[in-house]
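Here is the structure we will look at, set down as structure tokens.
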Amino acid sequence: MSLVKLEHINKLYFLDSDLSFQALKDINVVIQKGEFVAIVGPSGSGKSTLMNIIGLLDQPSSGEYILDGLDISKLKENKLAQLRNKKIGFIFQSFNLLKRTKAIDNVALPLIYAGVGQSERLARAKKALEEVGLADKLNSLPNQLSGGQQQRVAIARALVTNPEILLADEPTGNLDSKTGEEILKLFKTLNKTGRTIILITHDHHIADNAKRKITLKDGEIS
Amino acid sequence: MDIRETLRLSLTAIITNRLRSALTILGIVIGVTSVILLVALVTGLKSYITGQISGLGSNLIYVIPGKIGGGRGPGGVQVNRLIPADAKNLKLQLSNEAEVSAVVQKVTKLQYLNKSDKDVTLAGVESNYPKIIQSTKITEGRFFTLSDAEAGKRVVVIGPTVKKNLFDGSSVIGKAIEVNNLKYTIIGVLGPRGSTFGVDFDNSALIPLSAAQKQFGIDKLNTIYVSANSPDKVKEVQAKITKILSKRLSEDDFTVQTQEQTLSTIASITSVLTLALGGIAAISLIVGGIGVMNIMLVSVTERTKEIGLRKALGARPQDIRNQFLVEALTLSGLGGIIGIILGASLSLIANQFITTVIPLWSVGLSFGFSMLIGVIFGVAPAIRAAQLDPIQALRYE
Ligand SMILES: Nc1ncnc2c1ncn2[C@@H]1O[C@H](COP(=O)(O)OP(=O)(O)O)[C@@H](O)[C@H]1O
Ligand SMILES: [Mg+2]
Chain A
0 MSLVKLEHIN KLYFLDSDLS FQALKDINVV IQKGEFVAIV GPSGSGKSTL
50 MNIIGLLDQP SSGEYILDGL DISKLKENKL AQLRNKKIGF IFQSFNLLKR
100 TKAIDNVALP LIYAGVGQSE RLARAKKALE EVGLADKLNS LPNQLSGGQQ
150 QRVAIARALV TNPEILLADE PTGNLDSKTG EEILKLFKTL NKTGRTIILI
200 THDHHIADNA KRKITLKDGE IS
Chain B
0 MDIRETLRLS LTAIITNRLR SALTILGIVI GVTSVILLVA LVTGLKSYIT
50 GQISGLGSNL IYVIPGKIGG GRGPGGVQVN RLIPADAKNL KLQLSNEAEV
100 SAVVQKVTKL QYLNKSDKDV TLAGVESNYP KIIQSTKITE GRFFTLSDAE
150 AGKRVVVIGP TVKKNLFDGS SVIGKAIEVN NLKYTIIGVL GPRGSTFGVD
200 FDNSALIPLS AAQKQFGIDK LNTIYVSANS PDKVKEVQAK ITKILSKRLS
250 EDDFTVQTQE QTLSTIASIT SVLTLALGGI AAISLIVGGI GVMNIMLVSV
300 TERTKEIGLR KALGARPQDI RNQFLVEALT LSGLGGIIGI ILGASLSLIA
350 NQFITTVIPL WSVGLSFGFS MLIGVIFGVA PAIRAAQLDP IQALRYE
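So the sequences go chain by chain: A and B.
Residue 128 in numbering that gives the first Met the number 0 sits at position 129 of the first sequence; the count goes up by one each step and never skips.
Residue 261 in numbering that gives the first Met the number 0 sits at position 262 of the second sequence; the count goes up by one each step and never skips.
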């Protein structure tokens, strides 16, 4: 069974009462468990819009999205939040760590919403940080870490709930090329251990790291 | 997410943003502090006055000139029509049931050699005064006797403040002080009664009524004290006094009041005072609550990105709402506790100078009220936070 199945997905943004903009046009995508897929396309092509739909942060205007066998169009806000928590691990371009919050507590954050008790949360967060090579930075604050290390913390946070999909939107966008490569290497390692990864980027070189490329242009797959 | 986790989240957020948290609760702290302090002052005043009056003896009935709460024409002044003959009359007719003692009062200057004491409350009283006013204590010497009074002796019993102001620790019995240029011999010193709200009850002196009338030519009485021989006679004696005095005076010329009535009058005055001051303080609490709302709203905007992130990570709208609500509640509760501690400390410090009493209800009420304010003013920011769209919130810079 496919993990992500998008059929005839359209997304309209309503700019005014009678003015709309179609950001996605008839998108059909199937992603299997364990894949490493890159969604690539120039800026404004609809990558983030697609990611928000796959990540359950937004709903398509029309079309069907089946996530792990579940038709998400029928789900309520609370169920969507629960699915985001359980099945999706987000990695953002700007890391989005909580300032003044230790690395381990940042990583443990999604587990709070999963209803995991505190001691188990910290144990799992520690393990996730070890997995991304930050075993010695558990108690560091984000501003005490380099950009690459901050993105690793964010990846650990995405991993900690053991999600079905890692969803990364321009994860190397704020990093220099060497650090970016390290992050991409980490993605490859994670994919080898069985993680499904969807990497969103405007850069074809970066996209080449994935096993499969889906190219978007003007909201359409080309 | 259970309440313990929510509480932990909120506390973490409060501690992480120490300065903002401190500023948020400042208004609540000030409000609660003023409620506790003002109520403690008024309650202290009440208990002080009540204690003073109870100390006079529960069988006591006062006759004072004029009518309480009426009889005064517009801008008019009540004329004192109570005269020594009224006291004499009462004494004669109540001889089997009560003790009667008349008092005149005057504020004057006392002098000893080159030292003087201004604004002394000088009272001309009868020799049975200590028997009726049971709080009268003599710490040195003695009170004057009936024969002292009848012989027209100029003797004086002084209060501790007078002693302190005119003499430096030396023995005072037998010394002659000048009361308005006339020499009086000190025969006794009164025990301390204390002071409240700047009125020093110890800056006083007692001389025989006869001497006072003769020296100052006073022909009006300030008070007639009547002490019933037993507590169950008080009402009956009160009625008789009214009847006896009404023969010569009109209803508006005098007031007869029992101890009990005086206490209830004071209770009603202080409860109005408590309400008024408590109300003012409550307004400052509401202002504090608006401050909480204001800063919580700013905090929601400031933390828009954090809220978006939490939602992306799986927080449900009610998780976000509860976090902000509990945060507001914790902040205002914390403000309440700090305010209570501060208000109680200030009341204790004030207690060094004037009596203050902190009633438990003021502590409970102000804490409850600050929690209520936390709920009322925390709801709007919490709902706003819960409704934020995660995509837009994440994009917020
Ligand atoms: N909330 C929105 N309202 C209106 N238009 C939007 C909104 N979000 C994105 N768009 C438009 O949709 C198009 C695709 O945006 P996006 O998915 O962010 O592209 P990408 O991530 O590939 O740069 C862009 O033209 C953008 O202006
Ligand atoms: Mg984008």
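For glycine and all other residues, C-beta sits at the position ideal for the given N, C-alpha and C.
Contact annotation: A/Thr214 and A/Ile220 have beta-carbon atoms nearer than 9 angstroms.
Rounded to whole angstroms, the gap between the alpha carbons of B/Ser53 and B/Thr184 is 31 angstroms. Going by DSSP, A/His201 is part of no beta strand (DSSP E) at all; its letter is neither H nor E. Taking 8 angstroms as the upper bound on Cβ-Cβ separation, chain B lies near residues Asn51, Gly54, Leu56, Asp57 of the segment 44-62 of chain A. In the three-state DSSP reduction, A/Arg211 falls in the strand class (E or B).
Listed in chain order, the non-local C-beta contacts of B/Thr261 below 8 angstroms within the same chain comprise Ile52, Tyr61, local neighbours out to five positions each way being set aside.
Close CB contacts of A/Gln149 within its chain, under the 7 angstroms cut and outside five residues either way in sequence, are with Phe94, Leu96, Pro141 (chain order). In the three-state reduction of the DSSP assignment, A/Ser176 falls in the helix class, which pools H, G and I.
At least 9 angstroms separates the beta-carbon of A/Leu2 from that of A/Ile154. Relative to ligand 2, even the nearest heavy atom lies 8 angstroms or more away from the CB of B/Glu396. Excluding five sequence positions before and after A/Lys210, the CB atoms of its chain that fall closer than 6 angstroms to its own CB belong to Phe35, given in chain order. B/Gly335 counts as buried, since no fewer than 16 other beta carbons sit within 10 angstroms of its beta carbon. The three-state secondary structure of B/Ile390, taken from DSSP, is helix.
Cβ contact annotation for A/Ser139 (same chain, cutoff 6 angstroms, sequence separation greater than five): Ala102, in chain order. The C-alpha of B/Ile14 is placed about 26 angstroms away from the C-alpha of B/Gly363. Distances from the CB of A/Ile30 to the heavy atoms of ligand 2 are all 8 angstroms or more. For A/Phe91, the shortest separation between its Cβ and any heavy atom of ligand 1 does not lie below 8 angstroms.
Taken from the Cβ of A/Asp168, at least one heavy atom of ligand 2 lies inside 8 angstroms. The Cβ neighbour count for B/Gly367, taken over all protein chains shown within 10 Å, is under 16; the residue is labelled exposed. Closer than 8 angstroms at the C-beta level to chain B, one finds no residue of the segment 179-210 of chain A. Here the segment 223-238 of chain B makes contact with the segment 87-106 of chain B; the two share three or more CB pairs at distances below 8 angstroms. Our two residues, B/Lys239 and B/Asn95, have alpha carbons roughly 12 angstroms apart in a direct line.
Contact of A/Ile111 with chain B is assigned, a C-beta pair being separated by under 9 angstroms.
Residue contact check for A/Phe35 against chain B: no CB pair falls below 9 angstroms. The C-beta of A/Lys216 comes no closer than 9 angstroms to any C-beta of chain B. The segment 161-170 of chain B and the segment 122-129 of chain B do not touch, with fewer than 3 CB-CB distances between them shorter than 8 angstroms.
Using a Cβ-Cβ cut-off of 9 angstroms, B/Ala381 does not count as an interface residue toward chain A, since no Cβ of chain A sits closer than that to its own. Between the C-alpha atoms of A/Leu110 and A/Ala157 there is a straight-line separation of about 10 angstroms. Beta-bridge pairing by DSSP links A/Gly88 to A/Leu165.
Relative to ligand 1, the beta carbon of A/Tyr12 is positioned inside 8 angstroms of a heavy atom. If you look at B/Asp85, you'll find it in the alpha helix (DSSP H) that goes 83-92. Pairing B/Ile339 with B/Val38 gives a Cβ-Cβ distance that is not under 9 angstroms. Neighbours of B/Arg315 across chain A, judged by C-beta separation under 8 angstroms: Glu76, Asn77, Ala80, Gln81, Tyr112. Using a CB distance cut-off of 9 angstroms, B/Pro191 does not count as an interface residue toward chain A. Listed in chain order, the alpha helix (DSSP H) elements of length 4 or more contained wholly in the segment 3-63 of chain B are 17-53. Taking the Cβ atoms as the reference, A/Ile197 lies roughly 12 angstroms from A/Leu189, outside the contact range of under 8 angstroms.
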